[in-house]
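Colleague:
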Amino acid sequence: MNKIITILLLSILGLFPLQAISVLADWDKQGLSEDYHGHIDDRTESLNPQIQLLGINDFHGQLNVTRKVNGQPVGRADYLAAYLRQRAAENENTLLLHVGDMIGASPPLSALLQDEPTIEFLNRMGFDIGTVGNHEFDEGAAELLRLINGGKPSATEGFSGSRFPWIAANIISKQTGKLLLPPYKIIKRSGMPIGFIGVVMKETPSMVAPSGVEGLTFTDEAEAINKYVRELKNQGVRAIVVLAHIPGKSKANGEQPAGQLIDLAHAVDDEVDIIYGGHSHAYLNSVVDGKLLVQSYSYGTAFSDVEIEIDRKTKDIISKQAEIVTVYQENIKPASDITQMIKRYEKRVEPIASKIVGTAAAPITAERNNSGESALGNLIADSQRTAMNTDFAFINPGGIRADIDAGNVTWGHLYTVLPFNNQLVKMNLTGSQIREALNQQWQPNTTRILQISGLRYTWDDSQPAGKRVIDIRKADGTKVDPDKRYTIAVNTYLTEGGDNFSIFQKGTNRETGPTDIYALANYIKQLPQPFSLEIEGRIQRIN
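Positions 24 to 566 (this note's numbering) are the ones given, in order, by the sequence shown.
1) Does any residue of chain B have a CB that is nearer than 8 Å to the CB of residue 284?
2) Using a Cβ-Cβ cutoff of less than 8 Å, which residues in the same chain neighbour residue 403 once the five nearest sequence positions on both sides are dropped?
3) Measuring CB to CB, does residue 160 end up less than 8 Å from residue 240?
4) Among the candidates 122, 271, 89, whose CA atom is the shortest distance from the CA of residue 154?
5) Just how far apart, CA to CA, sit residue 229 and residue 243?
6) I need the straight-line Cα distance from residue 365 to residue 232, nearest angstrom please.
7) I'd like the span of the beta strand (DSSP E) that includes residue 450, first residue to last.
8) Decide if the region 327-343 is in contact with the region 378-387; the criterion is three or more beta carbon pairs, one per stretch, under 8 Å apart.
9) Straight-line CA distance for residue 360 to residue 456?
10) Nearest by alpha-carbon distance to residue 338: which of 453, 85, 214 is it?
11) Which same chain residues, not among the five before or five after residue 554, have their C-beta less than 8 Å away from its C-beta?
12) Can we say the region 523-535 touches the region 479-492, given the rule of at least three CB pairs closer than 8 Å?
13) Measure from the alpha carbon of residue 438 to the alpha carbon of each residue in 130, 281, 72, 163, then state which is nearest.
14) Out of 466, 415, 112, 372, state which residue places its alpha-carbon closest to the alpha-carbon of residue 433.
15) Check residue 208 in the structure and name its three-state DSSP category.
16) For residue 199, count neighbouring Cβ atoms within 10 angstroms of its own Cβ and tell me buried if that reaches 16, exposed if not.
17) Can you list, in chain order, the residues of its chain whose CB lies under 7 Å from that of residue 304, leaving out five sequence neighbours each side?
18) Return the Cβ separation of residue 587 and residue 271 in integer angstroms, given the expectation that the two are a contact with Cβ distance under 8 Å.
19) Can you list, in chain order, the residues of its chain with a C-beta nearer than 6 Å to that of residue 354? Leave out the 5 residues immediately preceding and following it.
20) Looking at the structure shown, is residue 153 part of a helix, part of a strand, or coil, going by DSSP?
21) Bridge partners for residue 330 per DSSP, in chain order?
22) Do residue 509 and residue 454 have their C-beta atoms within less than 8 Å of each other?
23) Give every residue of the same chain whose Cβ lies closer than 7 Å to the Cβ of residue 557, excluding the five residues on either side of it in the sequence, and list them in chain order.
24) Can you give the Cα-Cα distance for residue 218 and residue 426, rounded to whole angstroms?
25) Say yes only if the C-beta of residue 390 is nearer than 7 Å to one or more non-hydrogen atoms of the ligand GDP, and no if none qualify.
26) Are at least three pairs of beta-carbons, each pair with one atom in the region 483-496 and one in the region 386-395, less than 8 Å apart?
27) Tell me, which residues are paired with residue 223 by DSSP?
28) Helix, strand or coil, according to DSSP, for residue 1 in the structure here?
29) Please report the distance separating the alpha-carbon of residue 451 from that of residue 412.
30) Determine the DSSP secondary structure at residue 550, reduced to helix, strand or coil.
31) Is residue 286 near residue 252, with beta carbons less than 8 Å apart?
32) Residue 381 bridges to which residues according to DSSP?
33) DSSP three-state label for residue 527, please.
34) Distance check for residue 465 and residue 415, CA to CA, integer angstroms please.
35) In terms of alpha-carbon separation, which member of 245, 395, 462, 266 lies closest to residue 78?
36) Between which two residues does the alpha helix (DSSP H) containing residue 289 stretch?
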């Protein structure tokens, strides 16, 4: 504009022809070209940062475990590492995160070494942030803090804890009245602050042995999230991601989202952009109430790749989309450093894990039929009833974490099946209390069909709550007497009322026995080899 004024003044003074103004006014446009000059520019770069979030949930220490999806091998930490590194190389603004249950219910490679190998794996991968799940409390808060912060006793050389922060906004220490872990963490990428808030299910105490959550209070998840959303907003943070170890699922196309995570999405502040879920080992990729909800199965067989764009002016997430990627082993090389780490720890546990206890004639799976019975559940329940010399035995289905394949069965295989190392307990319950235990299988948010030995029963879920179990008989066909006392075998988890089976807390004349894996290994050794077991109709659904 200044050059035009100068030209006008010169023109008025007669020192510059006015007609030249239109030509000189285009000085600042010289050198610009059109497509027909041979220069084509199809670049669509955005000034807004594009950030990538790579997430896993419910890993459970599956460092050296290969599973199958559609008949193809998937999982293992070294293949997962290869995928994550490949994706991270595509975007320098990448964050790695997890949503809890990284440890607990782990196979021998991790469990026999206090799950320290799993923490090493997460450290080697450069994870940036994580929250806790219910299984992080399997061995109590003190052990969890040791794994996070480092400390003795250590099972591996040079273990110094986690190199990244763990967050949880709804776990309070009764002793101090303060949060057990930091509630949130702000991480910057490309100059943009992203707030991460962590929560775990408030029902965690009903899923963990009381000793594991002793001295802790688990508060409402939505209230905790909203409290710290306000804090983040006061600090100018508008991009907010919640790591919630809370279940949810959806169809592959995102339709029909269901579960507690969906309720949470409606209950939390709309400033929350993304909520990661966990616990149910399911697929979830859906938008609910404007929030992107994600869960990527479990055991390292898949991960989530969430792409976000943040507005530089508002600092808010203005676009977000997720992909759930299956970790197929075909056509990708495993990460060599992780493979070497796995081999090093396999060598440590091999003397125990490689012992052969029997030979399975065919696969024995935990897959339940329409009535809720499984062949593997029958085998394990029989082993516990035999070990404790009781009338009946009951097993929580969530305690069975893998199948038994055909062929030689090692102690390590059995540890993968029963990774909690629970002790067995013998106790007395009346016939009416046994009926109550079976009716407690139907719970507000889920149904948990106990695996059984020594009895048979029928059930009808069209009946009202508390009356769904119809006919209960001993294995020989005689009816279970409601007034008679029977001996039962359960693990310590059920003994303390785990999975909301509160009736087992009323058991009398308790005697503690061997661990569940010891009982199973000894039972298999005594069976005619090769051994097998099938579904026998112990549990029958009549409607």
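C-beta atoms are modelled at their ideal positions from N, C-alpha and C, and glycine is treated no differently. Predicted, not measured: the structure shown is a model, and the values here were computed from it.
Modeller: Per the coordinate set shown:
1) Structure shown: chain B not included; a single protein chain is present.
2) Only 418, 423, 440, 441, 474, 539, 543 meet the Cβ criterion.
3) No.
4) In terms of CA proximity to residue 154, 122 leads the group 122, 271, 89.
5) Per the coordinates, the alpha-carbon of residue 229 lies some 15 Å from the alpha-carbon of residue 243.
6) One C-alpha to the other measures close to 30 Å.
7) Here the beta strand (DSSP E) through residue 450 covers 446-453.
8) Flag = no, the region 327-343 and the region 378-387 do not touch.
9) Each residue's Cα considered, the two are about 54 Å apart.
10) Ranking the options by Cα distance to residue 338, first place goes to 214.
11) Excluding residues within five positions, the ones whose Cβ falls inside 8 Å are 381, 382, 383, 384, 547.
12) Verdict: no, contact absent.
13) Nearest C-alpha to residue 438: 130.
14) Answer by Cα proximity: 372.
15) Reduced to three states, the DSSP call for residue 208 is strand.
16) For residue 199, the number of other beta carbons within 10 angstroms of its own is below 16, and it is reported as exposed.
17) So the qualifying residues of the chain are 81, 320, 321.
18) Residue 587 cannot be examined here, being either before or after the span of the chain that is shown, 24 to 566.
19) Cβ neighbours of residue 354 beyond the five flanking positions: none.
20) The DSSP-derived three-state label of residue 153 is strand.
21) Partner(s): 75, 344.
22) For residue 509 and residue 454, yes; Cβs fall inside 8 Å.
23) In the same chain as residue 557, and ignoring 5 residues on each side of it, the C-beta atoms closer than 7 Å to its own belong to 398, in chain order.
24) Rounded to whole angstroms, residue 218 to residue 426 spans 40 Å at the Cα level.
25) You won't find the ligand GDP in this model; it holds no ligand whatsoever.
26) In short, these stretches do not touch, since the Cβ pair count stays below three.
27) For residue 223, which the question treats as bridged, DSSP gives the partners 268.
28) Look at the range of the chain in this structure, 24 to 566, and you will see that residue 1 is not part of it.
29) So the alpha carbons of these two residues sit roughly 12 Å apart.
30) Coil, per DSSP.
31) In this structure, residue 286 keeps its C-beta atom at 8 Å or more from the C-beta atom of residue 252.
32) Partner residues in the beta bridge of residue 381, as assigned by DSSP, are 432.
33) If DSSP states are grouped into helix, strand and coil, residue 527 belongs with the helices.
34) Straight through space, the alpha carbons of residue 465 and residue 415 are spaced by roughly 20 Å.
35) Of 245, 395, 462, 266, the residue nearest in Cα terms is 266.
36) Run containing residue 289: 283-290, per the alpha helix (DSSP H) assignment.
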